[in-house]
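Visitor: Take a look at the following structure, please.
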C-alpha cells in the first residue's frame, strides 16, 4: 500500500510525498491520512489507476479537471473529503464498494462527475451521476442521493430502511432495466411534464395528465416480490389537492 505523508508539498505526483516513496501504481492500495499538505491531482494525465482508496477522517484529496478518468479496481472508502474542484467532470470506474460516511468532513464533493459501479460491494453516498453497471452486484449500506442521473442496469439490493433519492426532476433521470429491490425510491416531479417517472422497477411508473395537480416529490417503498404470484389490486382512493397527496380508503 501507499500512505500519503505530504512531507514535501500537495502534489500527488511527487514521489517524496508517499510512504514508501513513489507515486501509487495500479496494484497499490492508497491511504490518505491527515498531513501537513493535503494531496491534489493537478498534473494532466489521461488515467489514474490504483487498487483501492481510503480517505481518513480529517484528510482531503482534491481532483481537478486535469484527470478525465480514475480507475479504482477494488473499493473506495471516504471518511474525510474527496473534493472535485469545478469544473472537474471525472469519470470513476470502481470495481467494488463505494462508501462515503464522513463525520465532521464533507464526504464526496462531486462537481459533475460520474461514478460507474462495476463489481460487487456496498454503496452509500451522494453522487452527481451514478451508474450501476450490468456486471455489478451492489448492496446499500445507507442512503444514496443522485443529484443528476441514476442509471440502473443491474439489480441493486437495498435495505428496507434505505432511500435512493433522485434530486433531478427530469423524468429520464432514472433509467435502466435493473431493479432496486426493497427500500424507498424518492423522486422530484416536474409539474409541467406528462412523461412517465420510473421507480424501483422499470415497469413501476407514475405519470400525470397536464391538468392534474402534481406533487413536487413522490416516494414509493418496497417493490413487491412478484415471484410469490402477488396480484396487484385497485384500492379506492381520492386526491387531496390541499396537501398534494393521494389518500387511500383502505
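Residue numbers (the numbering used here): 20 to 269.
Don't be surprised by glycine CBs; every beta carbon is placed ideally from N, CA and C.
Where residue 132 and residue 24 are concerned, what is the direct C-alpha to C-alpha distance, given to the nearest angstrom?
Guide: Going from the Cα of residue 132 to the Cα of residue 24 covers about 27 angstroms.
Visitor: Report the partner residues of residue 152 according to the DSSP bridge assignment.
Guide: Partner(s): none; residue 152 has no beta bridge.
Visitor: Counting only the same chain and skipping the five closest in sequence on each side, list residues whose C-beta sits under 6 angstroms from that of residue 167.
Guide: If we look at residue 167 and ignore the five residues flanking it on each side, its Cβ neighbours are 147, 148 and 187.
Visitor: Nearest to residue 102 by alpha carbon, out of 28, 122 and 59?
Guide: When only C-alpha atoms are compared, the closest one is 59.
Visitor: Is residue 91 near residue 69, with beta carbons less than 8 angstroms apart?
Guide: Yes, the Cβ-Cβ distance between residue 91 and residue 69 is below 8 angstroms.
Visitor: For residue 55, which option in 231, 27, 44 and 259 has the closest C-alpha, if you only look at C-alpha atoms?
Guide: Answer by Cα proximity: 27.
Visitor: Would you grab the beta carbon distance between residue 124 and residue 76 for me? Rounded to a whole angstrom, and I think it's under 8 angstroms.
Guide: Confirmed, about 6 angstroms.
Visitor: Please list, in chain order, all residues of the same chain as residue 232 whose beta carbon is under 8 angstroms from its beta carbon, the five residues on each side excluded.
Guide: Cβ neighbours of residue 232 beyond the five flanking positions: 258, 260 and 263.
Visitor: Output the residue ranges of the beta strand (DSSP E) runs that lie fully inside the stretch 158-186 and measure 3 residues or longer, sorted by chain position.
Guide: With a minimum length of 3 residues, the continuous beta strand (DSSP E) runs that stay inside the stretch 158-186 are 182-185.
Visitor: Taking just the CA atoms, how far does residue 106 sit from residue 83?
Guide: One C-alpha to the other measures close to 8 angstroms.
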